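>
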Amino acid sequence: MTAHGVSTARPLNPLFWLGGPMLICVLATVLLATPLRVFGLALPEPVFPLAMAFAWAVIRPSILPPFALLALGLFLDVFWGGPQGLWPLCLLAAYAAVLAARRLIMGQDFLFMWGWYGLVIAAAFGAGFVLMSMDAGAPPNVLAVVWQYLATLALFPFAHRLVERYEDADVRFR
Amino acid sequence: MSLRDGPLGDIRVPLTWSAAAALIIAVIIAGALLFSDRRETMKAQAYDTARHAVDVVASPVGNVISAPVHWTHDGLESLRGYFFAVSENRKLKLELAAERSWRDRYVATDLENQRYRALLGVATDPPLPHVFAHTVSDARGPFANTRLADVGADKGVTEGNPVLSEHGVVGRVVGVSDHVSRILLLTDLESHMPVLVVRTNGRAILSGDGGPTPKLDYVRSSAALQEGDRILTSGDGGVFPRGLPVGTVEKGLDGQWRVALDADASPIDDVQILLFTDFSQLVDENALAAKNLPTAMTEEPSQSIVPPAPAKPATPAGIISGPDKPAAPSAAKAASAGKASSKSAAKPAAKAAHHPAAPGHP
Numbered sequence: 666m667t668a669h670g671v672s673t674a675r676p677l678n679p680l681f682w683l684g685g686p687m688l689i690c691v692l693a694t695v696l697l698a699t700p701l702r703v704f705g706l707a708l709p710e711p712v713f714p715l716a717m718a719f720a721w722a723v724i725r726p727s728i729l730p731p732f733a734l735l736a737l738g739l740f741l742d743v744f745w746g747g748p749q750g751l752w753p754l755c756l757l758a759a760y761a762a763v764l765a766a767r768r769l770i771m772g773q774d775f776l777f778m779w780g781w782y783g784l785v786i787a788a789a790f791g792a793g794f795v796l797m798s799m800d801a802g803a804p805p806n807v808l809a810v811v812w813q814y815l816a817t818l819a820l821f822p823f824a825h826r827l828v829e830r831y832e833d834a835d836v837r838f839r
Numbered sequence: 002m003s004l005r006d007g008p009l010g011d012i013r014v015p016l017t018w019s020a021a022a023a024l025i026i027a028v029i030i031a032g033a034l035l036f037s038d039r040r041e042t043m044k045a046q047a048y049d050t051a052r053h054a055v056d057v058v059a060s061p062v063g064n065v066i067s068a069p070v071h072w073t074h075d076g077l078e079s080l081r082g083y084f085f086a087v088s089e090n091r092k093l094k095l096e097l098a099a100e101r102s103w104r105d106r107y108v109a110t111d112l113e114n115q116r117y118r119a120l121l122g123v124a125t126d127p128p129l130p131h132v133f134a135h136t137v138s139d140a141r142g143p144f145a146n147t148r149l150a151d152v153g154a155d156k157g158v159t160e161g162n163p164v165l166s167e168h169g170v171v172g173r174v175v176g177v178s179d180h181v182s183r184i185l186l187l188t189d190l191e192s193h194m195p196v197l198v199v200r201t202n203g204r205a206i207l208s209g210d211g212g213p214t215p216k217l218d219y220v221r222s223s224a225a226l227q228e229g230d231r232i233l234t235s236g237d238g239g240v241f242p243r244g245l246p247v248g249t250v251e252k253g254l255d256g257q258w259r260v261a262l263d264a265d266a267s268p269i270d271d272v273q274i275l276l277f278t279d280f281s282q283l284v285d286e287n288a289l290a291a292k293n294l295p296t297a298m299t300e301e302p303s304q305s306i307v308p309p310a311p312a313k314p315a316t317p318a319g320i321i322s323g324p325d326k327p328a329a330p331s332a333a334k335a336a337s338a339g340k341a342s343s344k345s346a347a348k349p350a351a352k353a354a355h356h357p358a359a360p361g362h363p
């Protein structure tokens with residue numbers, strides 16, 4: 666890439682494409698942890714940062730998102746009361762999967778990307794299942810994992826919105 | 002001269018590579034955290050500063066967020082009570098009529114029970130102190146099932162305290178800050194609780210797995226479990242008091258015996274924390290401590306140990322046996338030293354035997 670090409674690139678402001686979504690993830694997680702039951706059913710508990718792990722890797726490769734995901738994962742661990750390091754590893758597994766298959770995912774239509782998103786978060790939940798089985802010495806309930814997976818799968822429109830908003834921000838990564 | 006103008010200015014590391022390097026560093030940090038984390042329940046030091054800090058911050062936030070939920074719930078209850086007063090009154094009258102027969106049976110059984118207890122000399126457990134709390138956040142995922150309650154060490158809550166709703170056991174306290182405590186629910190993967198089956202008095206371990214109905218492991222019972230069997234805490238291990246209601250046995254979709262928790266029938270936001278740590282708090286330790294122990298009968302070793310008779314050594318040919326006398330003083334000296342040391346050892350032993358046993362170790 667020429668120096669001219671670099672100079673015309675519009676650098677992304679980390680506050681907007683990383684900081685803002687991080688804050689929204691934390692607030693949404695806290696909000697959905699409200700002890701409330703509607704007709705005997707508890708609120709869903711999707712993993713919001715998984716949508717970010719997908720979107721950030723698609724928008725552009727960068728040094729910052731892995732550390733942002735590390736921070737978000739640690740927040741989930743201490744807020745939900747799980748073992749420290751569990752969710753960071755799951756989020757980073759999803760980020761790594763998208764980063765490796767980025768060229769295949771980019772530019773695809775909405776439903777195709779949703780399919781990719783489903784595969785990526787399945788890998789993250791699979792990693793969580795294995796790590797938690799090793800930590801606790803017994804496998805978690807598969808149905809409970811599937812419920813949380815489905816709730817997280819439903820978050821794809823938010824991830825897609827973030828991708829659409831920022832994927833053209835830096836011409837080097839079109 | 003800027004770095005860009007230098008000889009290294011043309012070297013550019015691809016961003017994907019630098020992102021991958023950052024990813025590897027982050028993975029190493031996360032892995033180190035996971036493998037160094039000791040989320041051992043019942044240990045204060047396992048609940049680290051980060052968890053305390055997040056709980057302290059999350060509690061007021063959760064309180065604010067859940068306040069409208071409490072108000073809405075209370076308001077809906079009032080409205081429901083107003084609009085359905087007549088039908089509810091009719092229903093309550095029917096229930097009251099049915100309950101009267103139960104009350105009579107309860108009174109009769111209670112009297113009979115008291116008489117048997119008096120005959121057997123069984124001491125009943127004293128009532129346990131408890132505090133009420135609101136839960137302000139609720140984690141329900143497959144990997145962690147915990148709640149935050151808005152009371153903490155200021156109200157006497159400590160690690161290990163059992164937590165109940167109005168219907169049954171919810172879990173136990175695993176972390177305490179000044180005004181907040183974290184409750185590990187029975188459904189959490191790390192939760193294991195000894196229980197008993199009321200019908201058979203069989204024992205089992207209730208193990209959470211992240212799902213809504215924890216499973217029964219290590220079932221020890223002469224008769225197999227049946228659907229609908231009542232499950233109570235067994236009190237084994239001393240973490241929970243005996244006899245707290247837990248739930249009802251049901252067959253899970255995976256074919257395992259599971260327990261539908263009684264606590265699920267009650268509102269999620271009100272809990273009761275029993276200030277129970279172990280059984281020693283249920284009894285008067287001073288009464289247990291023995292006051293008059295019999296005097297220890299220690300033996301005087303010098304009287305019982307008979308010095309061995311000096312064996313006549315066989316005198317081999319060519320060796321002239323030495324006189325016996327020079328050996329005698331050293332043997333006597335050794336014997337007297339042994340006597341002194343055994344005496345000095347016996348004295349504190351006798352002294353310790355007179356001393357009353359330490360509290361808690363009668």
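For the record, the sequence lines run as chains A and B.
Residues in the first sequence are numbered from 666 upward in steps of one, following the numbering used here.
Residues in the second sequence are numbered from 2 upward in steps of one, following the numbering used here.
Using N, Cα and C, we set each Cβ at its ideal position, and we do this for glycine too.
Keep in mind the model is a prediction, meaning the values are calculated, not measured.
1) With DSSP as the reference, label T188 (chain B) as helix, strand or coil.
2) Measure from the C-beta of M797 (chain A) to each C-beta in chain B and report whether the shortest distance is under 8 Å.
3) Since A803 (chain A) contacts L190 (chain B) with CB under 8 Å, what's their CB separation in whole angstroms?
4) Of the residues that make up the segment 132-152 of chain B, which ones have a beta carbon closer than 9 Å to any beta carbon in chain A?
5) Are there 16 or more other CB atoms within 10 angstroms of the CB of E829 (chain A), so buried, or fewer, so exposed?
6) Can you name the residues that DSSP bridges to A707 (chain A)?
7) Cα separation between L840 (chain A) and G738 (chain A)?
8) Taking 8 Å as the CB-CB limit, is A809 (chain A) close to chain B?
9) Considering only residues of the same chain and omitting the five flanking positions on each side of A318 (chain B), which have a CB-CB separation below 8 Å?
10) Please report the residue range of the alpha helix (DSSP H) in which V712 (chain A) lies.
11) Return the first residue and the last residue of the beta strand (DSSP E) that F84 (chain B) is part of.
12) Beta-carbon within less than 6 Å of D179 (chain B)'s beta-carbon, same chain only, minus the 5 sequence neighbours each way: which residues are those?
13) Can you pull the chain A residues whose beta carbon is under 8 Å from the beta carbon of I66 (chain B), in chain order?
14) Could you give the distance in angstroms between the alpha-carbon of T110 (chain B) and the alpha-carbon of D75 (chain B)?
15) Would you call the segment 262-279 of chain B and the segment 157-165 of chain B in contact, with 3 or more CB pairs under 8 Å?
16) For G750 (chain A), verify whether its CB is less than 7 Å away from any heavy atom of the ligand GTP.
17) Measure the alpha-carbon distance for G176 (chain B) versus Q813 (chain A) and round it to whole angstroms.
18) Report back the beta-carbon spacing between A792 (chain A) and P711 (chain A) to the nearest angstrom; my notes put them in contact at under 8 Å.
19) Counting only the same chain and skipping the five closest in sequence on each side, list residues whose C-beta sits under 6 Å from that of K334 (chain B).
20) DSSP on P163 (chain B), reduced to helix/strand/coil?
21) Name the two residues that bound the continuous beta strand (DSSP E) containing P213 (chain B).
22) From E832 (chain A) to I724 (chain A), what distance separates their C-alpha atoms?
23) If the criterion is Cβ atoms closer than 8 Å, does the pair V785 (chain A) and A809 (chain A) meet it?
24) Looking at F775 (chain A) and H825 (chain A), is the spacing between their C-beta atoms short of 8 Å?
25) Could you work out which residues of chain B lie near G750 (chain A), taking near to mean beta carbons separated by less than 7 Å?
26) At the level of alpha carbons, what is the spacing between D210 (chain B) and L93 (chain B)?
27) Taking only beta-carbon atoms, is A824 (chain A) less than 8 Å away from chain B?
28) State yes or no: is the beta carbon of D270 (chain B) nearer than 8 Å to at least one beta carbon in chain A?
29) How many angstroms separate the CA atom of A33 (chain B) from the CA atom of R231 (chain B)?
30) In the DSSP assignment, find the unbroken alpha helix (DSSP H) run with P753 (chain A) in it and report its ends.
31) So the alpha helix (DSSP H) S138 (chain B) belongs to, where does it begin and stop?
32) Below 9 Å on C-beta distance, what does T17 (chain B) contact in chain A?
33) Please determine, among B:Q257, B:H193, B:Y219 and B:L217, the residue with the shortest C-alpha to C-alpha distance to F241 (chain B).
34) Going by the beta-carbon positions, is the gap between P700 (chain A) and S67 (chain B) smaller than 8 Å?
35) Classify G212 (chain B) as buried or exposed, calling it buried when 16 or more other Cβ atoms lie within 10 Å of its own Cβ.
36) Quick check on T147 (chain B): buried or exposed, where buried means 16 or more other Cβ atoms within 10 Å of its Cβ?
Let me lay it out:
1) coil
2) yes
3) 7 Å
4) H135, T136, V137, S138, D139, A140, R141, G142, P143, F144, A145, N146, T147, R148 and L149
5) exposed
6) A:R702
7) Given that chain A is displayed from residue 666 to residue 839, the structure contains no residue 840 (chain A) and the question cannot be resolved.
8) yes
9) Residue placement at A318 (chain B) is poorly supported in this model, since its pLDDT is 44, which falls under 50; the coordinates still yield a value, given next. Nothing listed; no residue qualifies.
10) Counting along the chain, V712 (chain A) falls outside any alpha helix (DSSP H), and DSSP gives it neither H nor E.
11) That residue, F84 (chain B), is in no beta strand (DSSP E); its alpha helix (DSSP H) goes T50 to F84.
12) G153, A154 and D155
13) V695, L696 and T699
14) 37 Å
15) yes
16) With respect to small molecules bound, the structure shown includes none, and the ligand GTP cannot be examined in it.
17) 25 Å
18) Wrong, their Cβ atoms sit about 17 Å apart, outside the cutoff.
19) Reliability fails at K334 (chain B), whose pLDDT of 44 lies under 50, so the model's placement of it is uncertain and the value that follows must be treated cautiously. For K334 (chain B), where only same-chain residues beyond five positions count, there are no Cβ hits under 6 Å.
20) strand
21) No beta strand (DSSP E) holds P213 (chain B); DSSP gives it neither H nor E.
22) 5 Å
23) no
24) yes
25) A31, G32, L34, L35 and D38
26) 38 Å
27) no
28) yes
29) 43 Å
30) L751 to A765
31) Not the alpha helix (DSSP H): S138 (chain B) falls in the beta strand (DSSP E), residues H131 to R141.
32) P726, L764 and R767
33) B:H193
34) yes
35) buried
36) buried
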